[in-house]
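Chains as they are written, first to last, in the working numbering: chain B, 1 to 190; chain H, 1 to 190; chain A, 1 to 190; chain C, 1 to 190. Okay, so here's the structure we're looking at.
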DNA sequence: CATGAATGAGATTTCATTCAT
DNA sequence: AATGAATGAAATCTCATTCAT
């Protein structure tokens with residue numbers, strides 16, 4: 001049961017994300033996915049053995065892609081503030097560029113206890129993230145508080161800023177990014 | 001003539017919140033709700049004409065209750081910082097005291113276009129909230145940035161802090177509240 | 001379980017006939033009957049032990065009332081043609097004056113093998129009717145054909161004439177009755 | 001790719017007619033139809049989107065088939081009396097050959113306001129029928145009375161004769177047809 | 001591979017009937 | 001007697017999954 005057609009896989013993926021973003025997981029049916037993907041329902045079973053497997057697989061893919069996007073261009077060669085700023089921007093752009101994928105992930109996590117590998121992946125990002133924060137704290141650039149407080153600030157700031165941009169309340173431009181990060185940084189900095 | 005039982009309504013409410021918190025909306029069935037509430041499935045139809053109506057009603061109730069809790073004890077008699085602090089605490093406590101209700105709300109919003117009254121209620125809180133921020137900004141206590149940035153900071157901070165407390169990563173005590181709000185305030189203050 | 005309130009009985013009767021005339025037996029529910037009769041559903045059980053019993057009882061009453069109306073003023077003192085004419089008119093007026101009751105009867109017979117007493121009552125009318133026809137045939141006033149042919153003519157003529165009057169295609173007046181019966185009589189007469 | 005099975009459609013049709021003839025519309029369930037048709041209940045939903053749609057579709061089909069049977073072999077090349085006789089026979093045979101279909105139609109009409117196309121079809125037959133009668137009346141072969149009176153005679157005669165044959169009271173033979181039509185003709189003829 | 005038909009398990013909904021007041 | 005609430009059984013309908021082509 002090795003999938004052959006990558007175009008079909010991609011359209012299944014896109015269809016599912018879009019449907020979940022539109023109306024959530026509650027009314028998500030295989031028939032709807034297949035229809036939106038332009039294939040027959042039974043064809044889904046050539047690519048995935050069950051609905052659960054399909055959603056799990058999409059979730060893993062989304063998580064991996066997200067992880068890759070979040071860490072891009074934020075290597076150790078950058079100064080702490082710049083690194084954090086880069087991650088902040090990555091997180092924001094990720095949310096703005098892939099809203100359906102994000103909604104899918106958030107809806108799905110709360111409805112499934114994560115598979116082991118997913119949990120692992122999540123932890124891996126948190127670990128890398130924490131290392132950055134840890135370094136900044138050690139150098140007295142960031143506040144001397146428990147790491148989770150710092151992480152929470154960043155996540156919260158990104159999430160809400162993204163929500164406002166997506167809702168059209170804030171413009172999707174440089175100034176929003178500058179101001180948004182400025183506030184966040186004031187919360188973090190020592 | 002037996003009166004429509006308020007205890008039953010409450011247990012339906014509780015059962016639904018709990019089930020959604022446990023596994024989300026996807027596998028939520030009327031049978032499960034009825035079972036958890038200790039009544040027959042058909043009895044649900046005495047209280048609500050359909051599954052959709054039931055969820056809608058619960059959502060409206062949750063939203064109202066939340067609104068009431070958020071604005072409690074944060075009147076205009078307080079100084080801006082204290083008022084904001086009170087709202088911040090209200091928001092945090094609300095999330096920690098009624099996790100199931102919160103999960104239900106968040107899961108449900110994305111799966112339904114909100115009813116007019118809900119939208120109205122949401123706007124009403126935002127308006128009140130914005131007035132507080134507006135006042136603080138006018139007095140040069142808060143940063144001179146667009147209001148949404150300030151609101152976003154508070155919401156984001158509360159949400160993530162609550163998540164960490166609920167997950168057991170941060171303790172549910174005074175120090176968490178003090179530190180959490182401190183970071184938030186540093187982001188906001190002029 | 002002796003019914004007390006005749007007004008309630010009557011309103012149950014009326015409600016049921018009306019509902020059946022409006023949309024047939026298929027969607028007829030006790031709740032609908034009770035609502036239309038202005039009482040509670042459970043109150044129906046004070047008057048009838050079950051839905052089936054209720055319908056059976058109404059059917060019997062309708063049949064009796066119909067029987068009484070059909071034979072009224074058509075005694076043996078009349079000449080055969082006048083007697084037949086009277087019965088023809090009775091049948092027509094019965095259909096026009098009690099359409100709901102008629103519809104109920106016709107819908108109901110085909111959905112129930114009749115109870116013994118109902119069958120008996122039906123037969124009683126047919127017997128009396130046949131006697132009239134038999135007499136006319138013996139006197140060479142009616143055609144010398146099997147009685148059912150004669151009965152069929154009368155019934156068919158009445159039923160279709162009534163339908164046309166009810167539909168507004170023919171006027172509900174003396175001329176319709178005269179012409180309608182004239183055709184029928186031409187079919188019957190020797 | 002399996003084609004939608006015409007045999008299945010036919011057996012659904014047959015099963016429904018038979019069940020309705022047996023006990024009417026009141027206790028007609030999809031489960032019973034499916035059982036009688038030898039398929040799963042859910043399979044019905046492949047062919048019709050709802051119970052109502054199923055019954056509507058069957059009704060339309062029955063009506064069309066009936067129309068076709070009634071007008072067969074009664075073209076304008078026949079003399080008026082023969083044409084009317086042919087239609088009379090068609091009507092009778094139709095009732096005797098397809099009793100279940102007829103019962104279904106009659107039960108169903110009263111429980112549904114007819115769809116536009118059905119109403120149209122009904123009118124089409126009436127129009128054709130009326131033309132025949134009109135012609136006969138113009139030639140002084142039929143009585144000089146309003147057309148509906150003539151139509152009513154024929155319909156009534158057929159309906160009641162068929163009922164008696166179906167009930168075994170009259171034999172299903174040539175003599176019944178001859179006598180039955182004779183009476184009817186005497187009613188119509190000038 | 002791909003598909004539309006078919007299905008069984010289960011979800012929602014209805015409803016005659018019973019219960020408690 | 002009368003009622004509204006409650007319910008179990010059953011009806012309608014849905015949907016993930018399998019089958020046959």
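We treat Cβ as the ideally placed atom computed from N, Cα and C, and that holds for glycine. This one's a predicted model, so the numbers in the text were calculated from it and none came from an experiment.
Residue(s) in a DSSP beta bridge with residue i
i                      : result
residue 189 of chain B : B:142
Minimum C-alpha distance to residue i - residue among the options
i                      : options                   : result
residue 103 of chain C : C:19, C:190, C:188, C:6   : C:19
residue 164 of chain H : B:162, B:170, B:53, B:148 : B:148
residue 28 of chain C  : C:108, C:38, C:168, C:156 : C:108
residue 41 of chain C  : C:101, C:8, C:83          : C:8
residue 66 of chain A  : A:51, A:166, A:36, A:99   : A:99
residue 179 of chain A : C:22, C:158, C:188        : C:188
residue 153 of chain B : B:128, B:176, B:185       : B:185
residue 146 of chain C : A:60, A:17, A:183, A:12   : A:183
residue 6 of chain A   : A:86, A:85, A:47, A:79    : A:47
residue 79 of chain C  : C:177, C:135, C:181       : C:135
residue 123 of chain A : A:53, A:58, A:63          : A:63
residue 53 of chain B  : B:176, B:177, B:11, B:30  : B:30
residue 72 of chain C  : C:89, C:39, C:176         : C:89
residue 58 of chain C  : C:176, C:10, C:170, C:177 : C:10
Beta-carbon contacts of residue i that lie in its chain and below 8 Å, excluding the five residues immediately before and after
i                      : result
residue 111 of chain A : 25
residue 43 of chain H  : 8, 34
residue 21 of chain B  : 99, 100, 103, 104
residue 144 of chain A : 137, 190
residue 151 of chain C : 126, 129, 130, 133
residue 177 of chain H : 89, 92
residue 39 of chain B  : 8, 11, 12
residue 1 of chain C   : Residue placement at residue 1 of chain C is poorly supported in this model, since its pLDDT is 47, which falls under 50; the coordinates still yield a value, given next. Nothing listed; no residue qualifies.
7 Å Cβ shell around residue i - same chain, five flanking residues per side excluded
i                      : result
residue 115 of chain A : Since pLDDT at residue 115 of chain A reaches only 48, below the 50 mark, its modelled position is unreliable, and the value read off the structure follows with that caveat. Closer than 7 Å at the Cβ level, and outside the excluded window around residue 115 of chain A, lie 56.
residue 106 of chain B : none
residue 91 of chain B  : 70, 158
residue 15 of chain C  : 33, 36, 37
residue 50 of chain H  : none
residue 162 of chain B : 92, 95, 96
residue 83 of chain A  : 74, 132
residue 17 of chain H  : 100, 101, 104
residue 181 of chain A : 85, 88
residue 45 of chain B  : none
Beta-carbon contacts of residue i that lie in its chain and below 6 Å, excluding the five residues immediately before and after
i                      : result
residue 172 of chain C : 165
residue 170 of chain C : 164, 176
residue 81 of chain B  : none
Exposed unless 16 or more other CB atoms sit within 10 angstroms - verdict on residue i
i                      : result
residue 13 of chain C  : buried
residue 156 of chain A : buried
residue 167 of chain H : exposed
residue 4 of chain H   : exposed
residue 160 of chain H : buried
residue 76 of chain A  : exposed
TODO: Please determine if the segment 92 to 104 of chain B and the segment 125 to 140 of chain B are in contact, where contact requires at least 3 C-beta pairs separated by less than 8 Å.
DONE: No, the segment 92 to 104 of chain B is not in contact with the segment 125 to 140 of chain B.
TODO: Kindly confirm or deny that the segment 126 to 133 of chain A and the segment 124 to 139 of chain C touch, where touching means at least three C-beta pairs closer than 8 Å.
DONE: Because the criterion of three Cβ pairs below 8 Å is not met, the segment 126 to 133 of chain A and the segment 124 to 139 of chain C do not touch.
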